[in-house]
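Working notes for the structure below.
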Amino acid sequence: MEVRVKLYATLRQYAPEGTKIGEAFSVELDNGTIRKLIDRIGFSEEKTRIIMVNGDQTKDLDCQLEDGDLVVIFPPVGGGASGQVTPSLSI
756 MEVRVKLYAT
766 LRQYAPEGTK
776 IGEAFSVELD
786 NGTIRKLIDR
796 IGFSEEKTRI
806 IMVNGDQTKD
816 LDCQLEDGDL
826 VVIFPPVGGG
836 ASGQVTPSLS
846 I
């Protein structure tokens, strides 16, 4: 079966070369689950935070995928303040 995958942020490095931001790419699986898909693409489960299958969020890595499914994966979000706080301006 074939599923389509979109990877975002730091996970984009695992997409095939030439894949544009927000563009899906195809992955062939034999009766696969999200866990098998992640393994096939080549990154660890710990690198995932939000997973959506056909627009529905799931946390079940053993969710059975079907031919033609669209799987969207986001990593944990990091970043933010650098430790320095900019004072607010009051007028």
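Following my numbering, the numbering of the sequence shown begins with 756 at its first residue and continues without gaps. Using N, Cα and C, we set each Cβ at its ideal position, and we do this for glycine too.
Roughly how many angstroms separate the alpha carbons of Asn786 and Cys818, rounded to a whole number? 11 angstroms
In whole angstroms, give me the CA-to-CA distance for Val826 and Phe798. 15 angstroms
Touch check for the region 775 to 785 and the region 798 to 807: three-plus C-beta pairs under 8 angstroms? no
Cβ neighbour criterion (16 or more within 10 Å) applied to Val832: exposed
Which listed residue (Ala764, Arg767, Glu801 and Arg795) has its alpha carbon closest to that of Val758: Arg795
Below 8 angstroms on the Cβ atoms is my contact criterion, and I expect Tyr763 with Phe829 to pass it. Report the Cβ-Cβ distance as a whole number of Å. 5 angstroms
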